[in-house]
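Counting in the numbering used here, the sequence shown runs from 45 upward without gaps. The C-beta atom is built at its ideal place from N, Cα and C for all residues, glycine as well. Report on one structure; see the data block that follows.
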Amino acid sequence: MRYLPKSDSERREMLRAIGFDSFEQLFQAIPAEFRLKRPLAVPGPLSEMEIIEYFRGRAAENSRGYTSFLGAGVYHHHRSVVADALLQRGEFLTSYTPYQAEISQGTLQAIFEFQTLMCQLTGQEVANASMYDGSTALTEAVLMAERLTGRQRVLIARSVHPEYRQVLGTYAKNTGLHVEEFGFTSSGQADCDAVRKAAGDQVAAVVVQSPNFFGVLEQVPALVEIAHGCGALLVVAIAEAVSLGIARPPTEADIIAMEAQSFGLPPSYGGPYAGVIATKDKFVRQMPGRLVGQTTD
């Protein structure tokens, strides 16, 4: 049961409705010697995080918790409990297949706002909603680059999440893509010299991750220059979208493929995840996934 405290004005309105002017008048039938004249000796209010920590401490007295070191794209993040309450509302809960627009206005509005926030976060002009997860979003971004350039060579840094590279390799087996990996320097950044040597007129995309698998930010402007120099597109994968809250987004990238799990999805047996692709307006016709736009009447 949810408890929503009443405001002072609401309390006064309730008293008037039952014919009383004050709580003292309401309880006047109780002898004065039995009425408490001081506030109850209970702790003051706590924030959501403080409440969680309090009950974790009490639970630890019965059973020790555990610390997860999974990492590699699987993280526990603080999620406000209000997020779950909102997600259970009908306009969110049924957003997977809004076939009838006339009864899905709340759904469409929610998806449109999500796309807008993803654009603001990445510095791109258009974003979809959404792909299966970050790894498939990256693969779809590469396939998108293939369609846009008409080329089939792909250069990908070995500092990209290994599972992302595995998913791309699986797709490449049956799509005609030729995926070639290049290394990284002692600093952990992608080796720009290696990209220059491998670049050519058949390269569709240069793929990096920033922050990469080692947690290092890539030299996106330099990589864009190299990619565009041979007519290729730069695809940047972001395995941890929360990083954009403190790191400068790779706005120079042609396509961004992002994992958005940490914005509200708890890790649970390998999921659930949410992939996002963000790109330039001029590439929107080749963007996969669902798009919700705003019309002008």
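When the Cα atoms are used, what is the spatial distance from residue i to residue j?
i, j, result
"Ser51", "Arg60", "14 Å"
"Thr340", "Gln153", "15 Å"
"Phe258", "Ser203", "7 Å"
"Ala76", "Gln69", "12 Å"
"Ala73", "Lys81", "16 Å"
"Asn106", "Glu269", "58 Å"
"Gln159", "Val336", "8 Å"
"Ala216", "Pro89", "56 Å"
"His272", "Leu261", "20 Å"
"Gly63", "Glu57", "10 Å"
"Tyr110", "Ala276", "46 Å"
"Pro265", "Ala297", "8 Å"
"Gln253", "Gly232", "11 Å"
"Leu187", "Gly213", "12 Å"
"Ile282", "Ala201", "13 Å"
"Ser112", "Val118", "9 Å"
"Leu288", "Asp128", "23 Å"
"Gln164", "Ala171", "10 Å"
"Thr166", "Arg334", "18 Å"
"Glu54", "Arg133", "26 Å"
"Leu199", "Val239", "8 Å"
"Met162", "Ala304", "9 Å"
"Ala291", "Arg79", "58 Å"
"Val125", "Ser91", "12 Å"
"Val86", "Pro49", "16 Å"
"Gly101", "Ser66", "40 Å"
"Pro332", "Tyr317", "17 Å"
"Val328", "Ala242", "28 Å"
"Arg108", "Leu114", "18 Å"
"Asn218", "Ala103", "51 Å"
"Glu97", "Gln149", "39 Å"
For residue i, I'd like the list of residues in its chain whose CB is within less than 8 Å of its CB, leaving aside the five on either flank, ordered along the chain.
i, result
"Gly244", "Arg197 and Cys274"
"Gln338", "Phe156"
"Met93", "His122"
"Met45", "Its pLDDT being 43, under 50, Met45 is placed unreliably in this model, and the coordinates cannot settle the point."
"Thr180", "Val211 and Gly319"
Examine the ligand FMN and report whether any of its heavy atoms sits within less than 7 Å of the Cβ of residue i.
i, result
"Thr166", "Absence of the ligand FMN from the depicted structure is noted, as is the absence of any ligand whatsoever, leaving it without description."
Using C-beta distances below 7 Å, list every residue in its chain close to residue i, excluding the 5 sequence neighbours before and after it, in chain order.
i, result
"Phe99", "none"
"Glu190", "Gln196, Leu221 and Ala248"
"Ala19", "Absent from the structure is residue 19, since the part of the chain shown begins at 45 and ends at 341."
"Cys236", "Gln263, Ala266, Leu267 and Ile270"
"Ser306", "Tyr119, His121, Glu284, Ala285 and Val286"
"Gln330", "Met188, Arg191 and Leu192"
Assuming residue i contacts residue j under a Cβ cut-off of 8 Å, what Cβ separation, rounded to an integer in Å, is found between them?
i, j, result
"Val279", "Val251", "5 Å"
"Ala234", "Leu267", "7 Å"
For residue i, does the count of other Cβ atoms within 10 angstroms reach 16, so buried, or fall short, so exposed?
i, result
"Gly194", "exposed"
"Pro293", "buried"
"Asn256", "buried"
"Gly319", "buried"
"Leu84", "exposed"
"Ser230", "exposed"
"Phe71", "exposed"
"Ala116", "exposed"
Enumerate in chain order the residues of its own chain whose CB-to-CB distance from residue i is below 6 Å, with the five nearest sequence positions on each side excluded.
i, result
"Ile95", "none"
"Glu169", "Lys324 and Asp325"
"Glu284", "none"
"Gly308", "Arg123 and Ala127"
"Thr295", "Gly167"
"Gln246", "Arg195 and Arg197"
Counting only beta-carbon separations shorter than 8 Å, does residue i have a partner in chain B?
i, result
"Ala76", "Among the protein chains of the structure shown there is no chain B, as only one such chain exists."
Segment contact flag, the region 219-233 with the region 163-179, C-beta cutoff 8 Å, min 3 pairs: no
The region 202-214 / the region 305-312 touching (three or more Cβ pairs under 8 Å): no
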